[in-house]
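Below is one structure, written out as structure tokens; the observations come after it.
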Amino acid sequence: MPLFKRSTSQLQIPPVESTRGDDTFSDPPASDSTVVRDKYSRSRGDRNELFSGYNPTKSGSSRFFEGDSIDDEEDPEAIKQRIRYKKQESVKSTQTSIQLARQAVETGNNTLKKLREQSERLGNTEFILDRTKASVARAEDKTEELRKLNRSIFIPAVTFNNDAKHAARDAKVQRRHEDKRAEREKTMLGANMGRSEGWDGREETGSRRIRSTTQRSRFQFEATGSDDEMEDALESNLDEIQGLVRDLKNASITMGEEIGRQDAVITVLEEKTVKVDGRLHINTAKLHRTGGR
1 MPLFKRSTSQ
11 LQIPPVESTR
21 GDDTFSDPPA
31 SDSTVVRDKY
41 SRSRGDRNEL
51 FSGYNPTKSG
61 SSRFFEGDSI
71 DDEEDPEAIK
81 QRIRYKKQES
91 VKSTQTSIQL
101 ARQAVETGNN
111 TLKKLREQSE
121 RLGNTEFILD
131 RTKASVARAE
141 DKTEELRKLN
151 RSIFIPAVTF
161 NNDAKHAARD
171 AKVQRRHEDK
181 RAEREKTMLG
191 ANMGRSEGWD
201 GREETGSRRI
211 RSTTQRSRFQ
221 FEATGSDDEM
231 EDALESNLDE
241 IQGLVRDLKN
251 ASITMGEEIG
261 RQDAVITVLE
271 EKTVKVDGRL
281 HINTAKLHRT
291 GGR
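Residues in the sequence shown are numbered consecutively from 1, following the UniProt record's numbering.
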């Protein structure tokens, strides 16, 4: 016999009577004064704010509007003060730039002066080397005369007077040295003329600045006498910086050309030195052989 027995009688569920009229848990009727406490719903105030239009002063985003209100206009005096402050800062900045540019130009001038002195010393070295070459040629002639005189007495010794030839060679060396010195002086004169042209260009820039003074008023905001003075100082400083930069450029170009000429002179000096040294060595060996006899 099973432990549990299914009941064959049908389960009867009693009917539920409606108690909505007097139910204490039923929702009260909605009214305009009812406050909805659901955080995801909107009250009447939210609805009115939604349909009243955008107000930037109450908006949480202030990305494009700074300050209390976009309708507030900035004080014109504050604007002028800021403009004046920027002008003063610009004048100070240009003055500092002028000082640095002057130092750079002075350094360039000193370097160029030293390069010219070096060019003069290289020219003198080449002149001395040419004189040495002429002296070696004279020594070669004397060595040849001595060799002829030391030969056998049965062989007649015929010698020639080469003093005129040596004098002509010495004059040629001197003339070449003077020509090269004149060429160096001409180069320096051309560099100085280029710099003077730079100053003329600077004066022309100043005249353009004076002519542009009348156009300045179109871009000024209630300018005063001090504003015009700062504008004049700023433009004058810019003109001076432009001139200093031009001088520095001319000095650098001249230095580059001078260094190129010096490199060429050094190459010539090296070739001449090798030749003179070889001839001197050969002549010394001949002289030793002649003295050994």
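All C-beta atoms, glycine included, are put in the ideal place defined by N, C-alpha and C.
Query: Taking the alpha helix (DSSP H) that residue 150 falls in, what are its first and last residues?; Result: No alpha helix (DSSP H) contains residue 150, which DSSP labels as neither H nor E.
Query: In chain order, what residues of the same chain lie with their CB nearer than 6 Å to the CB of residue 108, ignoring the 5 residues before and after it?; Result: 248, 251
Query: Roughly how many angstroms separate the alpha carbons of residue 79 and residue 99, rounded to a whole number?; Result: 31 Å
Query: Would you kindly check if the distance between the Cβ of residue 97 and the Cβ of residue 241 is under 8 Å?; Result: yes
Query: Reducing DSSP to helix, strand and coil, say where residue 239 ends up.; Result: helix
Query: So, at 7 Å on beta carbons, what are the nonlocal neighbours of residue 104 in its own chain, with the 5 sequence-adjacent residues on each side left out?; Result: 248
Query: So does the segment 83 to 95 actually touch the segment 135 to 143, counting three or more Cβ pairs closer than 8 Å?; Result: no
Query: Classify residue 101 as buried or exposed, calling it buried when 16 or more other Cβ atoms lie within 10 Å of its own Cβ.; Result: buried
Query: By DSSP, does residue 277 sit in helix, in strand, or in coil?; Result: helix
Query: Would you check if the distance between the CB atom of residue 115 and the CB atom of residue 266 is smaller than 8 Å?; Result: no
Query: Whole angstroms is fine: what's the gap from residue 189's alpha carbon to residue 83's?; Result: 47 Å
Query: Grab me the residues of residue 119's own chain with a C-beta within less than 8 Å of its C-beta, minus the 5 sequence neighbours each way, in chain order.; Result: 184, 258, 261, 262, 265
Query: Less than 8 Å between the C-beta atoms of residue 130 and residue 175, yes or no?; Result: no
Query: From residue 255 to residue 145, what distance separates their C-alpha atoms?; Result: 49 Å
Query: Is the Cβ-Cβ distance between residue 279 and residue 173 less than 8 Å?; Result: no
Query: So, are the CB atoms of residue 91 and residue 234 less than 8 Å apart?; Result: yes
Query: Have a look at residue 75 and residue 112 and give me their C-alpha separation to the nearest angstrom.; Result: 55 Å
Query: On the CB-based measure, 16 or more other CB atoms within 10 Å of its CB, does residue 244 come out buried or exposed?; Result: buried
Query: Under the three-state reduction of DSSP, which class applies to residue 75: helix, strand or coil?; Result: coil
Query: Given residue 287, which residues of its chain have a CB within under 7 Å of its CB, disregarding the five upstream and five downstream residues?; Result: 143
Query: Would you kindly work out how many angstroms separate the C-alpha atoms of residue 268 and residue 132, rounded to a whole number?; Result: 15 Å
Query: Within 10 angstroms of its Cβ, does residue 134 collect 16 or more other Cβ (buried), or is it exposed?; Result: buried
Query: Note down the Cα distance separating residue 181 from residue 229, rounded to an integer number of angstroms.; Result: 50 Å
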